[in-house]
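Q: All you need for my numbering is the position in the sequence shown, starting with 1, plus 28. Every residue gets a Cβ at the ideal spot worked out from N, C-alpha and C, and that includes glycine. Note that the structure is a prediction, hence the values are computed from the model and not measured.
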Amino acid sequence: MTRTSNHLLPFRSDDLRIPALMFLLAAPLFAATSPQDATPREAPAPRIVSTLAMDPESPREIVGWWSDGRSLIEVARDGRYRRWNDLDRFDRPSDVGRWHRENHAVFWLNSYLLPAPPPRRVALWLRDDVLMADVARLKKPFIHSATPPRVPSDELVGRWRGPGGELRLDPDLTYTWSRGGTVDAPIAITSQRGRWRLLADGRLLIEPFAVNQRPMIRVAILDEANRIVELASDSGGLRLQPPPPRPVANPEPPAREAAEEPGDRRPSES
29 MTRTSNHLLP
39 FRSDDLRIPA
49 LMFLLAAPLF
59 AATSPQDATP
69 REAPAPRIVS
79 TLAMDPESPR
89 EIVGWWSDGR
99 SLIEVARDGR
109 YRRWNDLDRF
119 DRPSDVGRWH
129 RENHAVFWLN
139 SYLLPAPPPR
149 RVALWLRDDV
159 LMADVARLKK
169 PFIHSATPPR
179 VPSDELVGRW
189 RGPGGELRLD
199 PDLTYTWSRG
209 GTVDAPIAIT
219 SQRGRWRLLA
229 DGRLLIEPFA
239 VNQRPMIRVA
249 ILDEANRIVE
259 LASDSGGLRL
269 QPPPPRPVAN
279 PEPPAREAAE
289 EPGDRRPSES
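1) Quick one: any contact between the stretch 218-227 and the stretch 237-257, if contact means 3 or more CB pairs under 8 Å?
2) Please confirm if the stretch 125-137 is in contact with the stretch 147-154, defined as three or more CB-CB distances below 8 Å between the two stretches.
3) Check the C-beta distance from Val124 over to Arg110 and give it rounded, since I have them as a contact under 8 Å.
4) Just the Cα atoms here: how many angstroms apart are Ile171 and Asp96?
5) Does DSSP put Asp119 in a helix, in a strand, or in coil?
6) Between the Cα of Arg207 and the Cα atoms of Asp200, Gly192, Ile215 and Asp198, which residue gives the shortest distance?
7) Do you know how far the Cα of Trp93 is from the Cα of Ala260?
8) Quick check on the burial criterion: 16 or more other C-beta atoms within 10 angstroms. Buried or exposed for Ala164?
9) Under a three-way DSSP split, which group does Glu102 fall into?
10) Just to confirm, is the Cβ distance from Val185 to Leu166 under 8 Å?
11) How would you label Ala161, buried or exposed, when you count the other beta carbons within 10 angstroms and need 16 or more for buried?
12) Decide if Val158 is buried, meaning its Cβ has at least 16 other Cβ atoms within 10 Å, or exposed.
13) Straight-line CA distance for Arg267 to Gly190?
14) In whole angstroms, give me the CA-to-CA distance for Arg148 and Asn138.
15) Assuming Asp114 and Ser99 are in contact, meaning their beta carbons sit under 8 Å apart, how far apart are those beta carbons, in whole angstroms?
16) Counting only runs of 3+ residues fully inside the stretch 132-203, write out the beta strand (DSSP E) ranges in chain order.
17) Cutting at 7 Å between CB atoms, please list the residues of its own chain near Gly264, excluding the five before and the five after it.
18) Output the distance between the C-alpha atoms of Ala253 and Gly230, rounded to the nearest integer angstrom.
19) At what residues does the beta strand (DSSP E) containing Gly265 begin and finish?
20) When we look at the beta-carbon of Pro176 and count the other beta-carbons within 10 Å, is it buried (16 or more) or exposed?
21) With 16 as the cutoff for other CB atoms within 10 Å, does Val103 come out buried or exposed?
22) Where in the stretch 233-266 do unbroken runs of the beta strand (DSSP E), each at least 3 residues long, occur, reported from the N-terminal end onward?
23) Rounded to the nearest angstrom, what separates Asp156 and Asp262 at their Cα positions?
24) So what's Ser86 in DSSP terms, helix, strand or just coil?
25) Tell me the residue span of the beta strand (DSSP E) that contains Leu226.
26) Cα separation between Leu201 and Ile245?
27) Mapping the DSSP letters down to three states, classify Gly107 as helix, strand or coil.
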């Protein structure tokens, strides 16, 4: 079987070299004498893409929250990341791991899941000066935000006070309750700590850390929109307190009243 090759075979006789050289010499002559009335091809118009280039010398901040409208990724400052299949960061994350930045336009997500999936490449770009990201194996682009999207559980985080004591629901889904006033019973629980969670059907789940204790928050009162507006313990109800005002970095001094000139004083009536 003979093998074919894309390489030219060497000439084996001097008789074949002369016609080949004559052909090579005649080719430029034929090209020079070709008719010039052929219509020249028009160069295609350049494609202009309007984009905002990111400055490598000033990388954009990527720490914060990334969402595609259906799922959520938290990129923490300590190098951790968490990912949810929905927008509720109070749910259990579907993926956790660490991230590292390659350059101003790329960072990577390395999952802790086992078996470990391949790292996800996250490519950064700008749209109307808004930082966007294309995450590997995910279809829609993600938008960066310094704050997470609000969900129903956000409405419960804070301090609840009333005759039923004081309850603090923290963002890490832990709670601390303390009884208010004096206790007449010889044996009574004066404080309790545990976990809380707002279920999908709107019910509030309270689980004490101590397995031998019952939850001290027993009743949740809803309004017309099925939002929890009051909680109740055995001692009474509790309502969410408004957050304290934010401190002002450089408060302005109170305005002083203009001093009266001596000529502006009116004589007192006798």
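A: Inspection of the coordinates gives the following:
1) yes
2) yes
3) Counting from 1 along the sequence shown, the entry for residue 124 is found at position 96. Counting from 1 along the sequence shown, the entry for residue 110 is found at position 82. At roughly 5 Å, the Cβ-Cβ gap stays under 8 Å, so Val124 and Arg110 are in contact.
4) Taking the first residue of the sequence shown as position 1, residue 171 is located at position 143. Taking the first residue of the sequence shown as position 1, residue 96 is located at position 68. Rounded to the nearest angstrom, the two C-alpha atoms are 6 Å apart.
5) By one-based count along the sequence shown, residue 119 stands at place 91. Here Asp119 sits in coil by DSSP.
6) The count along the sequence shown starts at 1 and reaches residue 207 at position 179. Checked all of Asp200, Gly192, Ile215 and Asp198; the closest Cα to Arg207 is Gly192.
7) Sequence index remark: in the sequence shown, residue 260 carries index 232 (1-based). Sequence index remark: in the sequence shown, residue 93 carries index 65 (1-based). Going from the Cα of Ala260 to the Cα of Trp93 covers about 34 Å.
8) For the purposes of this step, residue 164 is taken as residue 136 along the sequence shown, with counting starting at 1. Classification of Ala164: exposed, given that the 10 Å Cβ count is below 16.
9) As a position in the sequence shown, residue 102 is number 74, starting the count at 1. Reduced to three states, the DSSP call for Glu102 is strand.
10) Within the sequence shown, numbered from 1, the residue matching residue 185 stands at position 157. Within the sequence shown, numbered from 1, the residue matching residue 166 stands at position 138. No.
11) The sequence position of residue 161 within the sequence shown is 133, counting from 1. Result: buried.
12) Taking the sequence shown and counting its residues from 1, one reaches residue 158 at position 130. It is exposed - the Cβ of Val158 has fewer than 16 other Cβ atoms within 10 Å.
13) Sequence index remark: in the sequence shown, residue 267 carries index 239 (1-based). Sequence index remark: in the sequence shown, residue 190 carries index 162 (1-based). Going from the Cα of Arg267 to the Cα of Gly190 covers about 6 Å.
14) Reading the sequence shown from its first residue, position 120 is the one you call residue 148. Reading the sequence shown from its first residue, position 110 is the one you call residue 138. Cα-Cα distance, rounded: 7 Å.
15) Locating residue 114 in the sequence shown gives position 86, where the first residue counts as 1. Locating residue 99 in the sequence shown gives position 71, where the first residue counts as 1. With 8 Å as the limit, Asp114 and Ser99 qualify as a contact, their Cβ atoms being about 7 Å apart.
16) 134-139, 148-155, 158-163, 170-173, 186-190 and 193-197
17) To locate residue 264, count along the sequence shown from 1; it is residue 236. Closer than 7 Å at Cβ, skipping near neighbours: Gly190, Pro191 and Gly192.
18) Residue mapping note: residue 253 aligns to position 225 of the sequence shown, counting from 1. Residue mapping note: residue 230 aligns to position 202 of the sequence shown, counting from 1. So the alpha carbons of these two residues sit roughly 11 Å apart.
19) Your numbering for residue 265 matches position 237 in the sequence shown. Where Gly265 is concerned, the enclosing beta strand (DSSP E) stretches over Gly264 to Leu268.
20) Indexing the sequence shown from 1 puts residue 176 at position 148. When all chains shown are included, Pro176 counts as buried.
21) By one-based count along the sequence shown, residue 103 stands at place 75. When all chains shown are included, Val103 counts as buried.
22) 247-250 and 256-261
23) Locating residue 156 in the sequence shown gives position 128, where the first residue counts as 1. Locating residue 262 in the sequence shown gives position 234, where the first residue counts as 1. Using only the alpha carbons, I get a separation of about 55 Å.
24) Here residue 86 corresponds to residue number 58 of the sequence shown, with the count starting at 1. The answer is coil: DSSP assigns Ser86 none of H, G, I, E or B.
25) Here residue 226 refers to the residue found at position 198 when the sequence shown is read from its first residue. Residues Ser219 to Leu226.
26) In the sequence shown, the residue the question calls residue 201 occupies position 173. In the sequence shown, the residue the question calls residue 245 occupies position 217. Their backbone Cα atoms lie some 15 Å apart in a straight line.
27) Position 79 of the sequence shown, counted from the first residue, corresponds to residue 107. Coil at Gly107, not helix or strand.
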